[in-house]
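Residue numbers for the sequence shown, in my numbering: 876 to 983.
Heads up, the beta-carbon is just placed ideally off N, CA and C, and yes, glycines get one too.
Being a predicted model, the structure only gives us computed values, none of them experimental.
Inspection log for the structure reproduced underneath, given as structure tokens.
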Amino acid sequence: MRAKERLPRKHYSPEFKMELVRLALEEEGSIAALARKHDVNDNLLFKWIRLWQREGRVCRPRKNSSSLPALIPVQLQAGSSLPTFELPSCSPPATCHIKCRGSMPARV
Numbered sequence: 876m877r878a879k880e881r882l883p884r885k886h887y888s889p890e891f892k893m894e895l896v897r898l899a900l901e902e903e904g905s906i907a908a909l910a911r912k913h914d915v916n917d918n919l920l921f922k923w924i925r926l927w928q929r930e931g932r933v934c935r936p937r938k939n940s941s942s943l944p945a946l947i948p949v950q951l952q953a954g955s956s957l958p959t960f961e962l963p964s965c966s967p968p969a970t971c972h973i974k975c976r977g978s979m980p981a982r983v
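Encoded structure:
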């Protein structure tokens, strides 16, 4: 038996998505019927509507070079030393004795 071949994913323009969201919110018909009429999966249209209502957009934000973190060059001065830190003095470990009724005492 051959493995089921996947069809390529459909890509919809932001204008198409926005038009369907507008129709879904303005018309009083079934959102699922509207999706089927335009050959879009019902759940996908519901997702676009949720995105529009929550975030005011129907597409994921595009990643561009200005939105990516950038490395900034740092120059150290010659002869500068790193700050030193003093460690707190170590005190002997604390112990705790626990005794419950009907059991042996425990030491933690």
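In this structure, DSSP gives Arg-925 a helical state, which the three-state scheme calls helix. Annotation for Leu-926: Arg-932 and Val-933 place their beta carbon closer than 7 Å to its own, counting only its chain and skipping 5 residues before and after.
The three-state reading of DSSP puts Ile-947 in coil, since its state is none of H, G, I, E or B. The Cβ atoms of Phe-891 and Ile-906 do not sit closer than 8 Å to each other. Here DSSP, grouped into helix, strand and coil, assigns Arg-897 to helix. DSSP places Ala-910 in the helix class (H, G or I) of the three-state scheme.
From the listed residues Gly-904, Tyr-887, Arg-929 and Arg-976, the smallest Cα separation to Asn-916 is found for Tyr-887.
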